[in-house]
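Novice:
Protein chains: 2
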Amino acid sequence: MCQLLGMNANVPTDIIFSFSGFARRACEHADGFGIAFFEGRGVRCFVDAQPANASPVADLIQSYPIRSTHVVAHIRKATVGSVKLENCHPFVRELWGRYWVFAHNGDLKDYHPALHGAFRPVGATDSERAFCWLLQEMAKSHASMPAPEELTRTLRELVPQVARHGTFNFLLSQGETLWAHATTKLHHVVRQHPFRQARLQDADITMDFAEVTREGDQVAIIATEPLTVDEAWQAFAPGEIRVFQHGALLPTPA
Amino acid sequence: MCQLLGMNANVPTDIIFSFSGFARRACEHADGFGIAFFEGRGVRCFVDAQPANASPVADLIQSYPIRSTHVVAHIRKATVGSVKLENCHPFVRELWGRYWVFAHNGDLKDYHPALHGAFRPVGATDSERAFCWLLQEMAKSHASMPAPEELTRTLRELVPQVARHGTFNFLLSQGETLWAHATTKLHHVVRQHPFRQARLQDADITMDFAEVTREGDQVAIIATEPLTVDEAWQAFAPGEIRVFQHGALLPTPA
Chain A
5 MCQLLGMNAN VPTDIIFSFS GFARRACEHA DGFGIAFFEG RGVRCFVDAQ PANASPVADL
65 IQSYPIRSTH VVAHIRKATV GSVKLENCHP FVRELWGRYW VFAHNGDLKD YHPALHGAFR
125 PVGATDSERA FCWLLQEMAK SHASMPAPEE LTRTLRELVP QVARHGTFNF LLSQGETLWA
185 HATTKLHHVV RQHPFRQARL QDADITMDFA EVTREGDQVA IIATEPLTVD EAWQAFAPGE
245 IRVFQHGALL PTPA
Chain B
5 MCQLLGMNAN VPTDIIFSFS GFARRACEHA DGFGIAFFEG RGVRCFVDAQ PANASPVADL
65 IQSYPIRSTH VVAHIRKATV GSVKLENCHP FVRELWGRYW VFAHNGDLKD YHPALHGAFR
125 PVGATDSERA FCWLLQEMAK SHASMPAPEE LTRTLRELVP QVARHGTFNF LLSQGETLWA
185 HATTKLHHVV RQHPFRQARL QDADITMDFA EVTREGDQVA IIATEPLTVD EAWQAFAPGE
245 IRVFQHGALL PTPA
């Protein structure tokens, strides 16, 4: 089973604390990992076919505080096929003059959508096919980047068409807004004033967020499983799409 | 002035030696750098708005032997505008189910091509506009990936339309073939049997390639300026496109 980690914040925030816990899970989830950081409209995407707990790239990320407002990370457990770089999440494509980043947890059975548009998979995963199809259909529905609520409505129509093929937990972001969808398992927590301590579930590390934040800071963390033991993680309902912007959960559009 | 570095090899080869000399040039070319490594169809692209001689990402590359058959690297000197991640080369897009990597050295004046296709710039550089336009026109000319000679013929028609706007030295690769074009300055060398020593021009480092290669290995290096003092670097003629595959210069198609 793959694991997802997303962050959406209203100020550039480093992901070291959460990534440390997340990388420990690589012991069981040992077939590659990837992490994408937005900085403005630009994106850095680090992928590695080595497991996160043995990768020099993961070491770099844990020791080098890349500060970002949007992060999407993924640890991959290959279910079929060999471990190749082109099959590592997150995947990145450009649409409407913005980079889009996508990571998926789950399996889609017999999923071969008609891809006649400008997005073709490079690797062999069902995940990249789903990403290409979503972008193709998003491009058909909107000539330029729509407001987040508009795109959420579009995704509500598109996502069930993919999800009926299997498990489709995913994170999607263009560096301003983060869309998260769960069919089986996804949790989120919002860290905001008053900040307090949190202890990682996977490592004996405690962090006092009050020491590293200012009053107006707000950070949403989305993960397959809660990363900390003492925060109020909220489980997604099956089929639910949650949308995050400026570190907050956006209200559900009608 | 930006600097370009490309490598095309018939066996996975690490770029540490050449990148070490290249990174030294970052002292003068101090506004960001980027390097893309292909591994099969997959690509790793590291970009940093920090100069290569001060970047932890560049440290990683110099100490961690990522072995690749195709590398495209770039050191950026911003001529106009602020230094932002989205303006760092190389740029990556997908076309025909393959990733394409592009890095440019030079300035294009008043260059605003009609971009009505599936490729839009995310940043504000003339370089990314040129890349998007090339991909758009390549996609119009070929429904799927053509043979290298076919694409070279297409590029011979397209490239002068961009180059008339200014200096258009570039490297372009999809992980199998590397196209290099010079309007002002680009050099290449092919390292092959019998391998010998080479000394970097920018650092007191000598490497004996005979110790790290096998007889059939072949590696082409393309760089703005020769990187070594004791190899037979060949300057490009203005307007020349050279095409590399399996570490060798391909014959010029009719």
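Just so you know, the protein sequences line up as chains A and B, in that order. Numbering-wise (my numbering), the first sequence opens with residue 5 and increments by one. Numbering-wise (my numbering), the second sequence opens with residue 5 and increments by one. Yeah, the Cβ is synthetic: ideal placement off N, Cα and C, and Gly gets one too. Predicted model only: the values in this text are computed from it and were never measured.
1. Taking the C-alpha atoms as reference points, what is the distance between residue 77 of chain A and residue 151 of chain A?
2. What residue ranges within the stretch 104-188 of chain B form continuous alpha helix (DSSP H) runs of no fewer than 4 residues, ordered along the chain?
3. Provide the residue span of the beta strand (DSSP E) that contains residue 79 of chain A, from first to last.
4. Ignore the nearest five residues each way along the sequence and tell me which others in residue 158 of chain A's own chain have a CB closer than 8 Å to its CB.
5. Apart from the five residues just before and just after residue 28 of chain B, which ones in its own chain have a Cβ nearer than 6 Å to its Cβ?
6. On the CB-based measure, 16 or more other CB atoms within 10 Å of its CB, does residue 51 of chain A come out buried or exposed?
7. Kindly say whether residue 265 of chain B, judged by its beta-carbon, lies nearer than 8 Å to any beta-carbon of chain A.
8. Decide yes or no for the touch test of the stretch 195-205 of chain B against the stretch 217-237 of chain B: beta carbon pairs closer than 8 Å, at least 3 of them.
9. Note down the Cα distance separating residue 6 of chain B from residue 214 of chain B, rounded to an integer number of angstroms.
10. Cutting at 8 Å between CB atoms, please list the residues of its own chain near residue 188 of chain A, excluding the five before and the five after it.
11. So is residue 49 of chain B in contact with chain A if we call contact Cβ pairs under 8 Å?
12. Kindly indicate if chain B contains any beta-carbon less than 8 Å away from that of residue 6 of chain A.
13. Hey, residue 71 of chain A and residue 16 of chain A: beta-carbon distance below 8 Å or not?
14. Excluding five sequence neighbours on each side, which residues of the same chain lie with their C-beta closer than 8 Å to the C-beta of residue 66 of chain A?
15. Sorted by chain position, which residues of the same chain lie with C-beta nearer than 6 Å to residue 121 of chain B's C-beta, five sequence neighbours on each side aside?
16. Just to confirm, is the Cβ distance from residue 75 of chain B to residue 40 of chain B under 8 Å?
17. Could you spell out where the beta strand (DSSP E) holding residue 41 of chain A opens and where it closes?
18. Assuming residue 257 of chain A and residue 153 of chain A make a contact with CB atoms under 8 Å, what is their CB distance in whole Å?
19. Spatial neighbours of residue 238 of chain A within its chain, please: CB distance less than 8 Å, with the 5 preceding and 5 following residues excluded, ordered by chain position.
20. Under the rule that 16 or more other beta-carbon atoms within 10 Å means buried, what is residue 186 of chain A, buried or exposed?
21. Of the residues that make up the stretch 93-115 of chain B, which ones have a beta carbon closer than 7 Å to any beta carbon in chain A?
22. Report the rounded CA-to-CA distance for residue 61 of chain A versus residue 36 of chain A, giving the unit in angstroms.
23. Hey, how far is the Cα of residue 236 of chain A from the Cα of residue 230 of chain A?
24. Kindly indicate the opening and closing residues of the beta strand (DSSP E) around residue 48 of chain B.
25. Let me check understanding here. Comparing Cα to Cα, which of B/115, B/49, B/156, B/252 lies closest to residue 89 of chain B?
26. With a CB to CB cut of under 8 Å and the five nearest residues on each side skipped, what residues in its chain are close to residue 14 of chain B?
27. If you follow the alpha helix (DSSP H) that residue 27 of chain B is part of, which residue opens it and which one closes it?
28. Please list, in chain order, all residues of the same chain as residue 98 of chain A whose beta carbon is under 8 Å from its beta carbon, the five residues on each side excluded.
29. How would you write the range of the beta strand (DSSP E) that residue 99 of chain B sits in, first residue to last?
30. Run through chain B and tell me which residues come within less than 9 Å of residue 46 of chain A, C-beta to C-beta.
31. What residue range is occupied by the uninterrupted beta strand (DSSP E) comprising residue 197 of chain B?
32. By a C-beta neighbour count over all protein chains shown, 10 Å radius and 16 as the cutoff for buried, is residue 210 of chain B buried or exposed?
33. Within the 8 Å Cβ cut-off, does residue 60 of chain B reach chain A?
34. Label residue 216 of chain B either buried or exposed according to how many other C-beta atoms from any shown protein chain fall within 10 Å of its C-beta, with 16 as the threshold for buried.
35. Apply the 10 Å Cβ neighbour rule to residue 244 of chain B and answer buried if 16 or more other Cβ atoms are within range, or exposed otherwise.
36. For residue 178 of chain B, count the other beta carbons within 10 Å of its own beta carbon; 16 or more makes it buried, fewer makes it exposed. Which is it?
Specialist: Let me spell this out:
1. Sequence index remark: in the first sequence, residue 77 of chain A carries index 73 (1-based). Sequence index remark: in the first sequence, residue 151 of chain A carries index 147 (1-based). Looking at the two C-alpha atoms, the distance is approximately 24 Å.
2. 130-145, 152-167
3. Your numbering for residue 79 of chain A matches position 75 in the first sequence. 71-79 is the extent of the beta strand (DSSP E) around residue 79 of chain A.
4. Numbered from 1 along the first sequence, position 154 holds the residue referred to as residue 158 of chain A. If we look at residue 158 of chain A and ignore the five residues flanking it on each side, its Cβ neighbours are 141, 142, 145, 146, 150.
5. Here residue 28 of chain B refers to the residue found at position 24 when the second sequence is read from its first residue. Cβ within range, chain order: 206, 207.
6. By 1-based counting over the first sequence, the position of residue 51 of chain A is 47. Looking at its Cβ environment, which holds 16 or more other Cβ atoms inside 10 Å, residue 51 of chain A is buried.
7. Not covered by the structure: residue 265 of chain B. The range shown for chain B is 5 to 258.
8. yes
9. Counted from its first residue, the second sequence places residue 6 of chain B at position 2. Counted from its first residue, the second sequence places residue 214 of chain B at position 210. Distance between the alpha carbons of residue 6 of chain B and residue 214 of chain B is about 31 Å.
10. Stepping through the first sequence from its first residue, residue 188 of chain A is reached at position 184. Around residue 188 of chain A: 110, 171, 173, 242.
11. Indexing the second sequence from 1 puts residue 49 of chain B at position 45. By this cut-off, residue 49 of chain B is an interface position.
12. As a first step, residue 6 of chain A must be located in the first sequence, where it is residue number 2. Chain B, which has no Cβ nearer than 8 Å to the Cβ of residue 6 of chain A, makes this no.
13. Residue numbering aside, residue 71 of chain A sits at position 67 when the first sequence is read from its first letter. Residue numbering aside, residue 16 of chain A sits at position 12 when the first sequence is read from its first letter. Cβ atoms of residue 71 of chain A and residue 16 of chain A: closer than 8 Å.
14. Here residue 66 of chain A refers to the residue found at position 62 of the first sequence. Excluding positions up to five away in sequence, the list reads 20, 23, 24, 27.
15. As a working note, residue 121 of chain B is residue 117 in the second sequence. Close CB contacts of residue 121 of chain B within its chain, under the 6 Å cut and outside five residues either way in sequence, are with 140 (chain order).
16. The residue you call residue 75 of chain B lines up with position 71 of the second sequence. The residue you call residue 40 of chain B lines up with position 36 of the second sequence. Yes, Cβ-Cβ distance for residue 75 of chain B and residue 40 of chain B is below 8 Å.
17. Taking the first sequence and counting its residues from 1, one reaches residue 41 of chain A at position 37. Counting along the chain, the beta strand (DSSP E) containing residue 41 of chain A begins and ends at 37-43.
18. Position 253 of the first sequence, counting from 1, holds the residue named residue 257 of chain A. Position 149 of the first sequence, counting from 1, holds the residue named residue 153 of chain A. The Cβ separation is near 4 Å, so the contact holds.
19. The residue you call residue 238 of chain A lines up with position 234 of the first sequence. Closer than 8 Å at Cβ, skipping near neighbours: 191, 192, 193.
20. Along the first sequence, one-based indexing puts residue 186 of chain A at 182. With 16 or more Cβ atoms within 10 Å of its Cβ, residue 186 of chain A is classed as buried.
21. 97, 98, 100, 101, 102, 103
22. Residue numbering aside, residue 61 of chain A sits at position 57 when the first sequence is read from its first letter. Residue numbering aside, residue 36 of chain A sits at position 32 when the first sequence is read from its first letter. Going from the Cα of residue 61 of chain A to the Cα of residue 36 of chain A covers about 11 Å.
23. One-based indexing of the first sequence puts residue 236 of chain A at position 232. One-based indexing of the first sequence puts residue 230 of chain A at position 226. Pairing residue 236 of chain A with residue 230 of chain A, the inter-Cα distance amounts to about 9 Å.
24. By one-based count along the second sequence, residue 48 of chain B stands at place 44. First-last of the beta strand (DSSP E) with residue 48 of chain B: 46-52.
25. The count along the second sequence starts at 1 and reaches residue 89 of chain B at position 85. It is B/49.
26. For the purposes of this step, residue 14 of chain B is taken as the residue at position 10 of the second sequence. The answer, listed in chain order, is 73, 220, 221, 222, 223, 250, 251, 252.
27. Position 23 of the second sequence, counted from the first residue, corresponds to residue 27 of chain B. Taken as a continuous stretch (DSSP letters only), the alpha helix (DSSP H) holding residue 27 of chain B covers 20-28.
28. In the first sequence, counting from the first residue as 1, residue 98 of chain A sits at position 94. If we look at residue 98 of chain A and ignore the five residues flanking it on each side, its Cβ neighbours are 104.
29. As a working note, residue 99 of chain B is residue 95 in the second sequence. Note, residue 99 of chain B: beta strand (DSSP E), 95-99.
30. Numbered from its first residue, the first sequence carries residue 46 of chain A at position 42. 51, 53, 88, 89, 90, 91, 92, 126, 127, listed in chain order.
31. For the purposes of this step, residue 197 of chain B is taken as residue 193 along the second sequence, with counting starting at 1. Per DSSP, residue 197 of chain B belongs to no beta strand (DSSP E) and is neither H nor E.
32. Stepping through the second sequence from its first residue, residue 210 of chain B is reached at position 206. Exposed: under 16 other Cβ atoms inside 10 Å.
33. Translated into the one-based positions of the second sequence, residue 60 of chain B becomes position 56. Cβ-Cβ to chain A under 8 Å: yes for residue 60 of chain B.
34. Within the second sequence, residue 216 of chain B is the residue found at index 212, counting from 1. By the 10 Å Cβ count, residue 216 of chain B comes out exposed.
35. Taking the second sequence and counting its residues from 1, one reaches residue 244 of chain B at position 240. So residue 244 of chain B ends up on the exposed side.
36. Within the second sequence, residue 178 of chain B is the residue found at index 174, counting from 1. Classification for residue 178 of chain B: buried.
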